[in-house]
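Numbering (our numbering), first residue to last: 2 to 147.
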């Protein structure tokens, strides 16, 4: 997933975008349940999730949010980014096997190195699963990919 780069505040521009593609695996959901302690059966039990009206067990919304965090830290702005704030709206569930796209877009450059980015996690068919915005402090220097 990582491009292992960073863009300095000066190198960022409004409208700049990145995309990171990932497939959601059942193992991702299991690992997140273990790490977070959130064992809600909607996430861990397919029968329970189906009885609740879902096609299968669903990913934790915060698992998808963590992929936004990873994209901010590893891709745009990249290594050295300081995460200040996140606003999220969970719109639709993600299921094991889904192919997802994490999209970040620089919306605004503020003072003191602060940057606002629009954040989306979309299904490959274009449906928004999660959207919101993040405020970060961009790295002080650009670092190229190794």
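Backbone N, C-alpha and C fix where the C-beta goes; we use that ideal spot for every residue, glycine too.
Check, Outcome
"Residue 141, enclosing alpha helix (DSSP H) - first and last residue", "Run containing residue 141: none; DSSP gives neither H nor E here."
"Cβ pair count under 8 Å reaching 3, the stretch 125 to 134 against the stretch 93 to 103", "yes"
"Buried/exposed call for residue 44, threshold 16 Cβ in 10 Å", "buried"
"Burial state of residue 166 (16 or more Cβ within 10 Å)", "The displayed coordinates of the chain run from 2 to 147. Any statement about residue 166 would go beyond what the structure contains."
"Assigned secondary structure, residue 3 (DSSP; H/G/I helix, E/B strand, else coil)", "Per-residue confidence for residue 3 stands at a pLDDT of 47, beneath the threshold of 50, marking its modelled position as unreliable; no derived number is given."
"Best match in 141, 63, 89 for proximity to residue 118 [C-alpha to C-alpha]", "89"
"Environment of residue 8 [buried if 16+ CB atoms lie within 10 Å]", "buried"
"Selected residue, minimal CA-CA separation from residue 83, among 104, 47, 141", "141"
"Buried or exposed by the 16-neighbour rule on C-beta atoms within 10 Å, applied to residue 79", "buried"
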